[in-house]
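Protein chains in written order, with this note's numbering: chain A, 839 to 1209; chain B, 30 to 402.
Before any comments, here is the structure.
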């Protein structure tokens, strides 16, 4: 096992063809600690798969250096780096049964039979109940989830320095995905293998990662725990990417204690918050649970409710509508009455304010102290 | 009044029965979701409604009219596909206008409808572009606009959101609900994602192996699942299922296994009477496991379970905690809390109080629910 460091890594695709093109990786510096699982999330084309391939050595950086455990590996070929990789399409050897997939490495590396058997046995035990049954089956008789289990075991028998996974479960259907990710998370924490996990699904990233890298356009926007990303996002991009339903963003203008929306409506800011904000244009952002929702006007602004989405599975409902040019999803109790209009005010303690132009954070709620 | 009636609809592919005698009715303004794992027959059912796949048996009625032998284009159905199916060589405008043009609508009507639909789905500034210049989310909105301009009698959606990433999916879900609210026409929506089904459907049909396992409002499926499969499929994280034996001691009923001994509420004794001494499956939703200090009921030694915390998953409403039992063969179970469990509890053993008034019981062979809830 090992830690992974990247130092000012830059990667261009087709750099010769398109001078002035944006790099796929733009001066990335980060450290993945020994034994932790780090997930990478971001929209398509943000460079997350390139980051993984560069760490694997499948892509060579145009500048910068990569270290495994303080040892530079930038120029070392992939097969000598001691990594295990798992991709979306499983990539098991289809002509071998589960066991053959695991032992292939030992055959190629000319390890002794004894060493092979010992390692296979250890791995099967650690993989948990029923795993030995999978080993005797042909790959094409395994389900998607079972294939990924064999895939993980195949990487584990090699005792890798680093695990690299690129959308490993996005081919599975929703229910199976839910079960498989629990399994994978448990195995990874049990084996304590340093893992980089790439996904486009923020919920999966939250689930799998001890920490999460949020990428955009080849850069790391923020690299931190879920709580930090959720409650102290560095900018509006991170705030919008983390959390479902997504945060609502309202363009606004501050004048003294008045926060005026584009529609002309306004709220009165608490003094303490108003003093921390510059005057003029701002972006107010409120998460679904950050609204004070009332059936009577009071201090709230009217929201015409397009519909109330009741999620029995989450014991919650969301009131949807438009306010000040933004789509609003406000969390309400599951038994909230069927109404066409509610009155909204941000719970200022839980609201976010961002710079209107560069979208950096001006005010964030901070991680709540629950215990 | 039922506007679409399907009776004993069957589809046979060589050896495989993809859809097996499926029957349902669809109300005038109803939004029905077909949900189930891959290969359950939901998409085949949808394609038979559209006429893209001939039925091997059964009847499909649109109102009074039997449509089995009517060509797809004459059924007057609007369909939205997973891969959007927009024409790459046509502009956004021409893509949206396509259905109207092929039905000979006037130029003025086409213009009016296309611009209105494009405005609704926020692509009015993209009308001159070709699909390859659009993002996935924008293409999806072209497909929705194309459905919207039509005066179809039935709207069909085949996993329209699966190719979008999470943040776009929420908005697109809203867009489809908006489209439905405006059209007020019967709609059938196919997905493998139960949370999507729960969020969107007036009614939901849970399918497995070509059959409808249960059909009803989302809340009903969640609160009163007819069988083990529906109980497991609806809800995330999934319902916890414990293999237990029913034992009687001093007139009290207990559910027992090596890691668990809990006393069951008096009201369900009658339903379980014939299962005394026999194995059953006991189901408890993750939200019905509580921290003993915060439980909304009296905690005794007979309504608790202990487990080791394996994973804590934060969510916007609290967290989901994945545990496994200690005694006997370790069994995984899940609890959801309204507050965030600190990471210091990882690998620790904690007690949880079970809200047994909310428990479900199933016959282990047939899978049928033993309680009438």
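Even for Gly, the Cβ is constructed at its ideal location relative to N, Cα and C.
Q. Within 9 Å (strictly less), CB to CB, does residue 252(B) reach chain A?
A. Translated into the one-based positions of the second chain, residue 252(B) becomes position 223. For residue 252(B), the closest Cβ of chain A is nearer than 9 Å.
Q. For the 8 Å Cβ check, are there 3 or more pairs between the region 947-954 of chain A and the region 1021-1035 of chain A?
A. No, because fewer than three Cβ pairs between the region 947-954 of chain A and the region 1021-1035 of chain A fall closer than 8 Å, the two stretches do not touch.
**Q.** C-beta contact flag for residue 185(B) and residue 55(B) at 9 Å
**A.** Counting from 1 along the second chain, the entry for residue 185(B) is found at position 156. Counting from 1 along the second chain, the entry for residue 55(B) is found at position 26. Cβ atoms of residue 185(B) and residue 55(B): not closer than 9 Å.
Q: Could you pull the start and end residues of the alpha helix (DSSP H) that residue 891(A) belongs to?
A: Locating residue 891(A) in the first chain gives position 53, where the first residue counts as 1. Run containing residue 891(A): 886-894, per the alpha helix (DSSP H) assignment.
**Q.** Separation of residue 895(A) from residue 1113(A), as counted between CA atoms
**A.** Translated into the one-based positions of the first chain, residue 1113(A) becomes position 275. Translated into the one-based positions of the first chain, residue 895(A) becomes position 57. If I take the Cα positions, the gap works out to 50 Å.
Q: Quick one: using the 10 Å Cβ neighbour count with 16 as the cut-off for buried, is residue 1170(A) buried or exposed?
A: Within the first chain, the letter at position 332 stands for residue 1170(A). Here residue 1170(A) is buried: its Cβ has 16 or more other Cβ atoms, across all protein chains shown, within 10 Å.
**Q.** Reference residue 1198(A), options 1073(A), 1189(A), 1159(A), 1088(A), closest by Cα
**A.** Your numbering for residue 1198(A) matches position 360 in the first chain. Residue 1198(A) has its Cα closest to that of 1073(A), out of 1073(A), 1189(A), 1159(A), 1088(A).
Q. If we ignore side chains and look at the alpha-carbon of each, how far apart do residue 171(B) and residue 203(B) end up?
A. On the second chain, residue 171(B) is found 142 positions in, with the first residue counted as 1. On the second chain, residue 203(B) is found 174 positions in, with the first residue counted as 1. Each residue's alpha carbon lies about 15 Å from the other.
Q: Decide if residue 1039(A) is buried, meaning its Cβ has at least 16 other Cβ atoms within 10 Å, or exposed.
A: Stepping through the first chain from its first residue, residue 1039(A) is reached at position 201. Residue 1039(A) sits buried, since 16 or more C-beta atoms from the chains shown fall within 10 Å of its C-beta.
Q. Quick one: what does DSSP say residue 977(A) is sitting in, helix, strand or coil?
A. One-based indexing of the first chain puts residue 977(A) at position 139. Here residue 977(A) sits in helix by DSSP.
Q: Answer yes or no: does any C-beta atom of chain B fall closer than 9 Å to that of residue 1013(A)?
A: Along the first chain, read from residue 1 onward, the residue named residue 1013(A) stands at position 175. Chain B, which has a Cβ nearer than 9 Å to the Cβ of residue 1013(A), makes this yes.
Q: At 7 Å on the CB atoms, spell out the chain B contacts of residue 1054(A), in chain order.
A: Looking up residue 1054(A) in the first chain gives position 216. By Cβ distance, chain B contributes nothing, its closest Cβ being about 13 Å from residue 1054(A), past 7 Å.
Q) Does the region 1046-1057 of chain A come close enough to the region 250-257 of chain B to have 3 or more Cβ pairs within less than 8 Å? A) No, they do not touch.
(Q) I want to see whether chain B comes within less than 9 Å of residue 797(A), judged by CB atoms only; does it? (A) Summary: the structure shown does not reach residue 797(A), with chain A confined to residues 839 through 1209, and so no result is reported for it.
**Q.** Residue-level contact to chain B via CB, residue 1188(A), 9 Å cutoff
**A.** For the purposes of this step, residue 1188(A) is identified with residue 350 of the first chain, where counting begins at 1. Cβ-Cβ to chain B under 9 Å: no for residue 1188(A).
Q) Under 9 Å between C-beta atoms, does residue 1147(A) make it to chain B? A) The residue given as residue 1147(A) occupies position 309 in the first chain. Under the 9 Å criterion on CB atoms, residue 1147(A) is classed as interfacial with respect to chain B.
Q | Cross-chain neighbours of residue 194(B) in chain A, by beta carbon under 9 Å | A | As a first step, residue 194(B) is located in the second chain; it is residue number 165 there, counting from the start. Near residue 194(B) (Cβ distances below 9 Å), the residues of chain A are 881, 882, 1038, 1039, 1040.
(Q) Nearest by alpha-carbon distance to residue 368(B): which of 376(B), 347(B), 380(B) is it? (A) Residue 368(B) sits at position 339 when you count from the first residue of the second chain. Closest option to residue 368(B), judged by alpha-carbon separation, among 376(B), 347(B), 380(B): 347(B).
Q. Relative to chain B, which residues along the region 1062-1085 of chain A have a C-beta separation below 8 Å, given in chain order?
A. Shown in chain order are the members of the region 1062-1085 of chain A whose Cβ falls below 8 Å from a Cβ of chain B: 1064, 1065, 1068, 1078, 1079, 1081, 1082, 1083, 1084.
Q.
I'd like to know whether the C-beta of residue 72(B) is nearer than 9 Å to at least one C-beta of chain A.
A. Position 43 of the second chain, counting from 1, holds the residue named residue 72(B). Not closer than 9 Å to any Cβ of chain A, the Cβ of residue 72(B) fails to qualify, so no.
Q: Under 7 Å between beta-carbons, which chain B residues line up against residue 1158(A)? List them in chain order, please.
A: For the purposes of this step, residue 1158(A) is identified with residue 320 of the first chain, where counting begins at 1. Contact annotation for residue 1158(A) against chain B: 203 [CB-CB distance below 7 Å, chain order].
Q. Hey, which unbroken runs of the beta strand (DSSP E) at 3 residues or more fall wholly within the region 1032-1100 of chain A?
A. With a minimum length of 3 residues, the continuous beta strand (DSSP E) runs that stay inside the region 1032-1100 of chain A are 1032-1037, 1049-1054, 1057-1062, 1086-1093, 1096-1099.
Q: Just the C-alpha distance for residue 129(B) and residue 175(B), rounded to the nearest angstrom, thanks.
A: Numbered from 1 along the second chain, position 100 holds the residue referred to as residue 129(B). Numbered from 1 along the second chain, position 146 holds the residue referred to as residue 175(B). Linking residue 129(B) to residue 175(B) through their CA atoms gives a straight-line distance of about 9 Å.
Q: Could you check the C-alpha separation between residue 1092(A) and residue 1202(A) for me, to the nearest Å?
A: Reading the first chain from its first residue, position 254 is the one you call residue 1092(A). Reading the first chain from its first residue, position 364 is the one you call residue 1202(A). Roughly 17 Å between the two C-alpha positions.
Q | Residue-level contact to chain B via CB, residue 1169(A), 9 Å cutoff | A | Counted from its first residue, the first chain places residue 1169(A) at position 331. Closer than 9 Å to some Cβ of chain B, the Cβ of residue 1169(A) qualifies, so yes.
Q | Chain-ordered chain A contacts of residue 228(B) [CB-CB under 8 Å] | A | As a first step, residue 228(B) must be located in the second chain, where it is residue number 199. Correct list: 1147, 1149.
Q. Residues of chain B with a CB under 9 Å from the CB of residue 1044(A): which are they?
A. Taking the first chain and counting its residues from 1, the one referred to as residue 1044(A) is at position 206. Among the residues of chain B, those whose CB is under 9 Å from the CB of residue 1044(A) are 342, 343, 344, following chain order.
Q: Give the residues of chain B in contact with residue 979(A), contact being defined as C-beta atoms less than 8 Å apart.
A: As a position in the first chain, residue 979(A) is number 141, starting the count at 1. Within 8 Å Cβ-Cβ: nothing; residue 979(A) doesn't reach chain B, min ~15 Å.
(Q) Between the alpha carbons of residue 897(A) and residue 998(A), how many angstroms are there, rounded? (A) Counting from one through the first chain, the residue named residue 897(A) turns up at place 59. Counting from one through the first chain, the residue named residue 998(A) turns up at place 160. If you take the alpha carbons of residue 897(A) and residue 998(A), they lie about 19 Å apart.
Q. Excluding sequence positions up to five away, which residues of its chain have a Cβ less than 6 Å from the Cβ of residue 970(A)?
A. By 1-based counting over the first chain, the position of residue 970(A) is 132. Excluding sequence neighbours, residue 970(A) sits near 962.
(Q) If you follow the beta strand (DSSP E) that residue 1011(A) is in, where does it begin and where does it stop? (A) The residue labelled residue 1011(A) in the question sits at position 173 within the first chain. Where residue 1011(A) is concerned, there is no enclosing beta strand (DSSP E), given that its DSSP letter is neither H nor E.
Q: Pull up the distance between the alpha-carbon of residue 877(A) and that of residue 1058(A), whole angstroms please.
A: As a first step, residue 877(A) is located in the first chain; it is residue number 39 there, counting from the start. As a first step, residue 1058(A) is located in the first chain; it is residue number 220 there, counting from the start. Straight-line Cα distance between these residues: approximately 12 Å.
Q) Quick one: does residue 262(B) have its CB under 9 Å from some CB of chain A? A) Taking the second chain and counting its residues from 1, the one referred to as residue 262(B) is at position 233. Proximity of residue 262(B) to chain A, defined by a Cβ-Cβ separation below 9 Å, is satisfied.
(Q) By alpha-carbon positions, which one of 102(B), 120(B), 146(B), 141(B) ends up nearest to residue 132(B)? (A) Indexing the second chain from 1 puts residue 132(B) at position 103. When only C-alpha atoms are compared, the closest one is 102(B).
Q. Going by DSSP, what residues sit across from residue 362(B) in a beta bridge?
A. Position 333 of the second chain holds residue 362(B). Looking at the DSSP assignment, residue 362(B) forms a beta bridge with 352(B).
Q: Grab me the residues of residue 306(B)'s own chain with a C-beta within less than 6 Å of its C-beta, minus the 5 sequence neighbours each way, in chain order.
A: Taking the second chain and counting its residues from 1, the one referred to as residue 306(B) is at position 277. For residue 306(B), where only same-chain residues beyond five positions count, there are no Cβ hits under 6 Å.
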